[in-house]
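Student:
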Amino acid sequence: MTASIISGKELAQEKRKQLAQEVKELKEQGVVPGLVVILVGDHPASISYIKGKQKASEEIGVAFTLEHFPETMKEEELLDVIDKYNHDESCHGILVQLPLPDHIQEKAVIEKISPAKDVDGFHPLNIGQMMIGEDTFLPCTPAGIVEMIKSANIEIAGKHVVVVGRSNIVGKPVGILLLNEHATVTYCHSRTPDLKEVTKQADILVVAVGRANFITGEHIKQNAVVIDVGVNRLETGKLCGDVVFEDAKQIASHITPVPGGVGPMTITMLAHNVVKSARISAVRLQVS
Ligand code: NDP
């Protein structure tokens with residue numbers, strides 16, 4: 054039997070319809086959800102990611118503003134722009150596209166964004182809330198992964214999850230979210246000896262490394278669920294994940310494709326966070 058495909062694209066479409074309905078209701082209450090994306094420089098991948106975010110925002114009815122600055126922008130200037138939007142009531146979410154030029158400290162920028170508008174879920178306060186299992190803005194890729202697993206009716210509680218990769222934006226938080234769902238979680242990274250020995254124990258294997266064809270059939274347990282987060286561009290121009298898809302298809306019970314897997318859900322979870330922030334504003338307006 055071949056693995057079932059968990060289509061992030063289809064799930065994202067469904068969720069975007071629900072979000073569009075919520076936006077309509079918010080607009081009837083006088084609140085137009087607003088997202089501001091700040092880009093410094095002309096990183097081609099960043100421009101392409103932003104286009105995806107803009108398209109999804111427009112589809113859902115979120116007001117999208119792009120602030121595009123030259124590579125030479127000073128850190129102080131960027132912090133001032135963030136401060137302006139922190140105080141702008143028409144803006145419910147601020148996203149600074151990463152990576153930033155080397156002369157700008159990512160940490161200072163992330164910490165400048167008001168936690169109440171941190172729709173990327175990268176602010177230390179929101180990360181802390183996530184750690185203790187409080188309702189907060191969750192980082193988009195990890196939150197999208199949990200939604201995808203749940204959409205396929207896969208039980209998480211009691212399962213052994215192995216996460217390959219420990220970045221602050223994907224690997225670490227996805228492990229925490231799955232731990233909060235009562236999985237037993239093991240992290241692997243570049244210093245893990247004998248990776249295969251660990252990944253072969255996974256009921257749910259999440260791979261976020263950024264290397265094409267890194268995980269092969271030898272790494273995967275029979276009937277495991279494989280979540281491929283990696284996005285790699287081959288010399289042919291084609292996109293592929295970190296997992297050899299054809300191998301996983303023969304061994305796993307479920308697999309996410311690249312493209313059309315985790316990517317579309319990441320963007321949708323961003324829109325989800327913007328709508329959530331706007332909803333909180335609408336409640337505040339009603340109270341005052
Ligand atoms: P990082 O480069 O920040 O992290 C990569 C991780 O992989 C690190 O923790 C690193 O370990 C680990 N790693 C590297 N080599 C090995 C190895 N040989 N064995 C085991 N682990 C290894 O990447 P990100 O987390 O930001 O992204 C990972 C991938 O996911 C990329 O392809 C990225 O494009 C994609 N991505 C996709 C998104 C989507 O929406 N689809 C969103 C975000 C990312 P160590 O810490 O020890 O260096």
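So in our numbering, spot 128 of the sequence shown is number 181, and the numbers just go up one at a time.
For each residue, glycine too, the CB sits at the ideal point set by N, CA and C.
Start and end of the alpha helix (DSSP H) containing Thr252?
Tutor: 248-252 is the extent of the alpha helix (DSSP H) around Thr252.
Student: Whose CA, out of Ser57, Ser110, Asp95, lies closest to the CA of Leu72?
Tutor: The option with the nearest alpha carbon to Leu72 is Ser110.
Student: Would you call the region 269-277 and the region 245-261 in contact, with 3 or more CB pairs under 8 Å?
Tutor: Output reads yes: the region 245-261 touches the region 269-277.
Student: Based on Cα-Cα distance, which residue from Leu338, Pro195, Asp247 lies nearest to Ile222?
Tutor: The candidate whose alpha carbon is nearest that of Ile222 is Pro195.
Student: In three-state DSSP terms, what is Cys241?
Tutor: Reduced to three states, the DSSP call for Cys241 is strand.
Student: What residue range does the beta strand (DSSP E) around His121 cover?
Tutor: Per DSSP, His121 belongs to the beta strand (DSSP E) from 116-122.
Student: DSSP has Asp171 in a bridge; who is on the other side?
Tutor: Paired residues: none, contrary to the question.
Student: Using a threshold of 8 Å, state whether the C-beta atoms of Ala331 and Leu79 are closer than that.
Tutor: Yes, these two residues count as a Cβ contact at 8 Å.
Student: Since Gly348 is in the beta strand (DSSP E), which residue starts that stretch and which ends it?
Tutor: Past the edges of the chain, shown from 54 to 341, lies residue 348, and the structure says nothing about it.
Student: Would you call the region 176-184 in contact with the region 286-303, where contact means no fewer than 3 C-beta pairs closer than 8 Å?
Tutor: Segments in contact, no.
Student: According to DSSP, is Ile49 helix, strand or coil?
Tutor: Given that the chain is displayed from residue 54 to residue 341, the structure contains no residue 49 and the question cannot be resolved.
Student: From which residue to which residue does the alpha helix (DSSP H) around His325 run?
Tutor: 315-340 is the extent of the alpha helix (DSSP H) around His325.
Student: Looking at the strands, I want to know which residues DSSP matches up with Ile147.
Tutor: DSSP lists Val89 as partners of Ile147.
Student: How close, in whole Å, do the beta carbons of Glu144 and Gly87 come, if the pair is a contact with beta carbons under 8 Å?
Tutor: Sequence inspection shows Cys at residue 144; the Glu mentioned does not correspond to that position. 5 Å between Cβ atoms; contact.
Student: State the start and end residues of the unbroken beta strand (DSSP E) segment that holds Val216.
Tutor: From DSSP, the beta strand (DSSP E) with Val216 extends over 213-217.
Student: In the DSSP assignment, find the alpha helix (DSSP H) that holds Val199 and state where it starts and stops.
Tutor: Looking at the DSSP string, the run of the alpha helix (DSSP H) that includes Val199 is 193-204.
Student: Among Lys106, Asp155, Pro168, which has the Cα closest to the Cα of Asp136?
Tutor: Checking every option, the nearest Cα to that of Asp136 belongs to Pro168.
Student: Spatial neighbours of Arg264 within its chain, please: CB distance less than 8 Å, with the 5 preceding and 5 following residues excluded, ordered by chain position.
Tutor: Cβ within range, chain order: Gly283, Asn285, Asp295.
Student: If contact is defined by three or more beta carbon pairs under 8 Å, each pair taking one atom from either stretch, is the region 210-217 in contact with the region 232-251?
Tutor: The answer is yes - the region 210-217 touches the region 232-251, with three or more Cβ pairs under 8 Å.
Student: Could you tell me if the beta carbon of Asn266 falls within a distance shorter than 7 Å of some heavy atom in the ligand NDP?
Tutor: No - the ligand NDP has no heavy atom lying nearer than 7 Å to the Cβ of Asn266.
Student: Does the region 56-67 touch the region 311-327, meaning 3 or more C-beta pairs lie closer than 8 Å?
Tutor: Yes: at least three Cβ pairs fall under 8 Å.
Student: Any heavy atom of the ligand NDP closer than 7 Å to the CB of Arg69?
Tutor: No, the beta carbon of Arg69 sits no closer than 7 Å to any heavy atom of the ligand NDP.
Student: Which same chain residues, not among the five before or five after Gly313, have their C-beta less than 8 Å away from its C-beta?
Tutor: Once the five neighbours on either side are set aside, the close Cβ partners of Gly313 are Ser60, Gly61, Lys62.
Student: From the DSSP output, in three-state form, read off Ile157 for me.
Tutor: Correct three-state label for Ile157: coil.
Student: Among the candidates Lys77, Phe122, Thr125, Lys127, whose CA atom is the shortest distance from the CA of Ala116?
Tutor: Looking at the Cα atoms, Lys77 is the closest of the given residues.
Student: Evaluate Ser334 with the Cβ neighbour count: other Cβ atoms within 10 Å of its Cβ, from every protein chain shown; 16 or more gives buried, anything less gives exposed.
Tutor: Buried, since its Cβ has 16 or more Cβ neighbours within 10 Å.
Student: Going by C-alpha to C-alpha distance, which of Arg337, Val90, Val84, Thr245 sits closest to Gly146?
Tutor: Of the listed residues, the one whose Cα sits closest to Gly146 is Val90.
Student: State buried or exposed for Lys160, treating a residue as buried only when at least 16 other CB atoms are found within 10 Å of its CB.
Tutor: So Lys160 ends up on the exposed side.
Student: Given 7 Å as the limit, tell me if Leu148 has its C-beta closer than that to any heavy atom belonging to the ligand NDP.
Tutor: For the ligand NDP, not one heavy atom lies less than 7 Å from the Cβ of Leu148.
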